[in-house]
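First the structure, in the form of structure tokens, and then the observations on it.
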Amino acid sequence: MKWKTSAALCLSALVLCLQNASALEPRSGARLRFLDKITGNASDLSAKVGESVVQGRLKITVRACHQAPPEDKPEAAAFLEIRPVSAADGEEGETLFSGWMFASSPGLNALEHPVYDVWVISCSASAPVR
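Each residue of the sequence shown is one higher than the one before, counting from 108 in the working numbering.
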């Protein structure tokens, strides 16, 4: 009985996630916010899908960005890869973060870094990518 209840709850959660995910449309770029926790300086960054931006000592690559249509509840999700960059020679280190970040829940899947914070603001306003 307990197993059936757990399975039903998991299935319901999966269906809800798939319904919400299907409502998101692919876009051509992402708007991100970058925070230097030491100085308190925040700046907005824009990057197209497949492009990288270097800010501070991080290289941020946008792999995908999906946004809800205007008639739905506002939501944006971007798949990001974040690597450290050496100040001396620009050499990249091992991946610090690789995954989806959600604008409505920045703490759900966040970059864990002692100096920098990065989160998704929105996807580009251009027409959906098909």
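Where a beta carbon is used, it is the ideal one built from N, C-alpha and C, also for glycine.
| Asked | Found |
| --- | --- |
| Pairwise C-alpha distance: Asp196 and Leu125 | Because Leu125 sits at a pLDDT of 44, beneath the cut-off of 50, its placement in the model cannot be relied upon, and the point is left open. |
| Straight-line Cα distance separating Leu165 from Ala184 | 20 Å |
| Candidates Met208, Ala154 and Val192, of which the one nearest Glu201 by Cα | Val192 |
| Helix, strand or coil at Leu210 according to DSSP, with G and I counted as helix | Looking at the sequence provided, one finds Ala at residue 210 rather than Leu. Ala210 falls in the coil class under three-state DSSP. |
| Closest by C-alpha distance to Lys180, when choosing among Ser153, Leu131 and Phe141 | Leu131 |
| Beta-carbon proximity of Val227 to Phe209, cut-off 8 Å | yes |
| Opposing strand residues paired with His173 [DSSP bridges] | Pro133 and Ala184 |
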